[in-house]
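J.: Numbering (the UniProt record's numbering), first residue to last: 1 to 479. Glycine is no exception: its CB is placed at the ideal position from the N, C-alpha and C atoms. Below you will find the structure I want to go over with you.
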């Protein structure tokens, strides 16, 4: 892969250091030591009519858009967090850190439900976005200022780093407000920034499913480090291990950011950097009071056809008949789907996967139109790549079922899984009850098999259920 950059715009409206930059679909937001937040139209880079946004009384250290781009948040040394409506510049709320210490970092969770802020006193606050209220304060953790802060893509964990050089992993979902892991030797001279990849690697060890997240940190020791955070998501046991060290900077690394698809990482001595949502531009801000926007030319050396797909057929064939279903696709969680998107080079849509709760069953039923409207997949080539992959996995699963010798009439047409509660739908076909109910609950009014309109009436297929039960008993391993 080769990447080149061309300067597209230089913005020189701030009278102080530019401390933060953030893209949404419509705007580029910048903040500065001059106490202001400015908004720029993403297409033209003209300053928006409502800009600058005034409300802070001291340095503004960071800005962040919510994943839906409906809220802009700014954090300041004055100890205040301001929620803004970006189109009008109207204040939606102002919140003060409990200790009234300066706030150095802030980040949204990918589901837009949470906002976390890191302070100069080493404490972290977790805020509920919808109610604009503080959920809890994580204290007693860091001794230095919290300059690095990022959620994992599923919002289960929050990773933080401080000027003392330590890294911490926090429980951000279950309400324990506890530090789950402490890495004392994150960076010798202090952590200046961090980010978490939008991609998740599911790791199966027997029947235990763990998630692996990639964390990138930048330090005042001039190094970039990549870490693997591994967790089950249930017992809150996590590990953080150093995966690699990237050397190349001759000064402190103050900003770092993964691309939307998780394939690229940018880092810099500049105070701030960010990616556009389409991954084709980056913006940077620095102590020279300038904001620069760069257009990227990304040359992918690996053709799309060579991107490996999960070997679903072999895994499916290993599941014994009558045992709990471990056939990957229908049983996939949202995390599994997000990982597939990443492996196909479509990681920029992972956010939509989580927002729409696309699990394996939903993935199997997605149409071209739904990919475009519900997942925001506007590029035809991206939609076709995913649909081809889904079709290939369905075909692999069908072949695995044939090899296993399961009669086709015992398999649900939607999931290609052995049915346990077969029901007859209005189109005359028999489905697994959970699969067809999920289909209908998503507002679909047409048959999965004929694409014709059908009524949501389901009748239990008792005779087929008896035959399937006998088949399971005859083919189960003796105890």
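Out of 347, 263, 170, 256, which one is the CA nearest neighbour of residue 231?
T.: As a position in the chain shown, residue 231 is number 231, starting the count at 1. With distances taken between Cα atoms, residue 231 lies closest to 170.
J.: Looking only at its chain, what residues have a beta carbon closer than 6 angstroms to the beta carbon of residue 158, apart from the 5 residues adjacent to it on each side?
T.: Looking up residue 158 in the chain shown gives position 158. So the list reads 116, 151, 170, 172, once near-sequence residues are dropped.
J.: Alpha carbon to alpha carbon, how far is residue 247 from residue 165?
T.: Start at 1 with the first residue of the chain shown, and residue 247 comes out as number 247. Start at 1 with the first residue of the chain shown, and residue 165 comes out as number 165. Cα to Cα, residue 247 sits roughly 18 angstroms from residue 165.
J.: Assign residue 377 to one of two classes, buried (16 or more other C-beta atoms within 10 Å of its C-beta) or exposed (fewer than that).
T.: For the purposes of this step, residue 377 is taken as residue 377 along the chain shown, with counting starting at 1. By the 10 Å Cβ count, residue 377 comes out buried.
J.: Alpha helix (DSSP H) containing residue 370: first to last residue?
T.: Along the chain shown, read from residue 1 onward, the residue named residue 370 stands at position 370. Start and end: 368-373.
J.: Is it buried or exposed, residue 435, if we count other Cβ atoms within 10 angstroms and call 16 or more buried?
T.: By 1-based counting over the chain shown, the position of residue 435 is 435. With 16 or more Cβ atoms within 10 Å of its Cβ, residue 435 is classed as buried.
J.: Let me know the beta strand (DSSP E) ranges lying completely inside the region 110-196, each 3 residues or longer, listed in chain order.
T.: Qualifying beta strand (DSSP E) stretches, in chain order: 114-119, 124-128, 133-138, 146-151, 157-162, 167-171, 179-183.
J.: Straight-line CA distance for residue 528 to residue 45?
T.: Only positions 1 to 479 of the chain appear in the structure, and residue 528 is not among them; the question remains open.
J.: Between which residues of its own chain and residue 96 is the CB-CB distance below 7 angstroms, once the five residues before and five after are set aside?
T.: Mapped onto the chain shown, residue 96 falls at position 96. Around residue 96: 79, 80.
J.: By the DSSP assignment, the beta strand (DSSP E) with residue 267 in it spans what residues?
T.: Taking the chain shown and counting its residues from 1, the one referred to as residue 267 is at position 267. 265-268 is the span of the beta strand (DSSP E), which, as asked, contains residue 267.
J.: Since I believe residue 146 is in contact with residue 105 (beta carbons under 8 angstroms), could you give me their beta-carbon distance rounded to a whole number of angstroms?
T.: Position 105 of the chain shown holds residue 105. Position 146 of the chain shown holds residue 146. Confirmed, about 6 angstroms.
J.: Give the single residue among 275, 138, 119, 236 whose Cα lies nearest to the Cα of residue 195.
T.: Looking up residue 195 in the chain shown gives position 195. Nearest C-alpha to residue 195: 275.
J.: Tell me the rounded alpha-carbon separation between residue 140 and residue 123.
T.: Counting from one through the chain shown, the residue named residue 140 turns up at place 140. Counting from one through the chain shown, the residue named residue 123 turns up at place 123. Rounded to the nearest angstrom, the two C-alpha atoms are 7 angstroms apart.
J.: Just the C-alpha distance for residue 447 and residue 457, rounded to the nearest angstrom, thanks.
T.: Here residue 447 is taken as the residue at index 447 of the chain shown, counted from 1. Here residue 457 is taken as the residue at index 457 of the chain shown, counted from 1. One C-alpha to the other measures close to 12 angstroms.
J.: Confirm, please, whether the CB-CB distance from residue 339 to residue 202 is below 7 angstroms.
T.: In the chain shown, residue 202 corresponds to position 202, counting from 1. In the chain shown, residue 339 corresponds to position 339, counting from 1. Cβ distance < 7 angstroms, so residue 202 and residue 339 count as in contact.
J.: I'd like the list of long-range same chain contacts for residue 426, defined as Cβ closer than 7 angstroms, with 5 residues on each side in sequence excluded.
T.: In the chain shown, residue 426 corresponds to position 426, counting from 1. Only 454, 455, 457 meet the Cβ criterion.
J.: Is the beta carbon of residue 236 closer than 7 angstroms to that of residue 180?
T.: Position 180 of the chain shown holds residue 180. Position 236 of the chain shown holds residue 236. Cβ distance < 7 angstroms, so residue 180 and residue 236 count as in contact.
J.: Using the Cα positions of residue 443 and residue 370, report the straight-line distance between them to the nearest angstrom.
T.: As a working note, residue 443 is residue 443 in the chain shown. As a working note, residue 370 is residue 370 in the chain shown. Whole-angstrom Cα-Cα distance: 12 angstroms.
J.: CB residue 216 to CB residue 256, shorter than 7 angstroms?
T.: For the purposes of this step, residue 216 is identified with residue 216 of the chain shown, where counting begins at 1. For the purposes of this step, residue 256 is identified with residue 256 of the chain shown, where counting begins at 1. In contact: residue 216 and residue 256 (Cβ atoms closer than 7 angstroms).
J.: For residue 280, tell me which candidate among 294, 459, 268, 450 has the shortest Cα-Cα distance.
T.: The sequence position of residue 280 within the chain shown is 280, counting from 1. Minimum Cα distance to residue 280 is reached at 294.
J.: Alpha carbon to alpha carbon, what distance is there between residue 51 and residue 19?
T.: For the purposes of this step, residue 19 is taken as the residue at position 19 of the chain shown. For the purposes of this step, residue 51 is taken as the residue at position 51 of the chain shown. Taking the straight line joining both Cα atoms gives about 17 angstroms.
J.: Is it buried or exposed for residue 2, if we count other Cβ within 10 angstroms and need 16 for buried?
T.: Translated into positions along the chain shown, residue 2 becomes position 2. Exposed, by the Cβ-count rule.
J.: From 226, 137, 132, pick the residue whose C-alpha is nearest to that of residue 240; which is it?
T.: For the purposes of this step, residue 240 is taken as the residue at position 240 of the chain shown. Of the listed residues, the one whose Cα sits closest to residue 240 is 226.
J.: Might you give, ordered along the chain, the residues of its own chain that have their beta carbon closer than 7 angstroms to the beta carbon of residue 243, omitting 5 neighbours on each side?
T.: For the purposes of this step, residue 243 is taken as residue 243 along the chain shown, with counting starting at 1. Once the five neighbours on either side are set aside, the close Cβ partners of residue 243 are 226, 227, 228.
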